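One point on numbering: in this note's numbering, the residue at position 62 of the sequence shown is 68, and numbering is uninterrupted. Ideal Cβ positions, reconstructed from N, Cα and C, are used throughout, including at glycine. Keep in mind the model is a prediction, meaning the values are calculated, not measured. Structure first, then comments.
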Amino acid sequence: MANYLFAYHGGGMPESEEEGAKVMQAWMTWYGGLGDAVVDGGNPVGMAKTIAANGSVSDGGGVNPVSGYSLVKADSIDAAVAMAKGCPILASGGSVEVCETFEIE
Numbered sequence: 007m008a009n010y011l012f013a014y015h016g017g018g019m020p021e022s023e024e025e026g027a028k029v030m031q032a033w034m035t036w037y038g039g040l041g042d043a044v045v046d047g048g049n050p051v052g053m054a055k056t057i058a059a060n061g062s063v064s065d066g067g068g069v070n071p072v073s074g075y076s077l078v079k080a081d082s083i084d085a086a087v088a089m090a091k092g093c094p095i096l097a098s099g100g101s102v103e104v105c106e107t108f109e110i111e
């Protein structure tokens with residue numbers, strides 16, 4: 007089995023404490039359904055800075071900045087994509103980028 011990175015993009019911030027609790031419960035339910043496939047549940051991330059080849063630095067992480075990540079194990083990228091299709095961030099207009107990670111020895 008290979009490991010796959012889920013890079014979360016977008017998604018809205020909850021507007022109330024009650025909505026935040028519902029969103030957190032949706033994430034916990036989704037993670038629970040993934041079971042042992044979750045290698046690292048990850049975390050949300052803060053605002054980014056992007057460094058270009060010419061050394062210039064820009065704020066904000068580009069057009070579609072990363073908002074969080076997780077690491078899962080799956081038999082194939084298609085299996086990882088199937089897992090990602092249940093991600094709660096999709097319900098708030100966000101997206102999930104899925105890519106295989108490689109061990110460097």
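With the rule of 3 Cβ pairs closer than 8 Å, the region 8 to 19 counts as touching the region 81 to 100. Between Val72 and Phe12 the beta-carbon gap is near 10 Å, outside 8 Å, which marks them as no contact. Straight across, the Cα-Cα distance linking Ala43 with Ser76 is about 11 Å. The bridge partners DSSP lists for Thr56 are Ser64. In the three-state reduction of the DSSP assignment, Val44 falls in the strand class.
In chain order, Met7 place their CB closer than 7 Å to the CB of Asp81, counting only its own chain and leaving out the 5 sequence neighbours on each side.
Between Lys55 and Val63, the gap from beta carbon to beta carbon is short of 8 Å.
Secondary structure note for Ala13: it is in no alpha helix (DSSP H), and the uninterrupted beta strand (DSSP E) holding it is Ala8 to His15. Taking 8 Å as the cut-off, the beta carbon of Gly92 is found no closer than this to the beta carbon of Gly17. Considering only Asp65, Pro50 and Ser22, the residue with the shortest C-alpha distance to Trp33 is Pro50.
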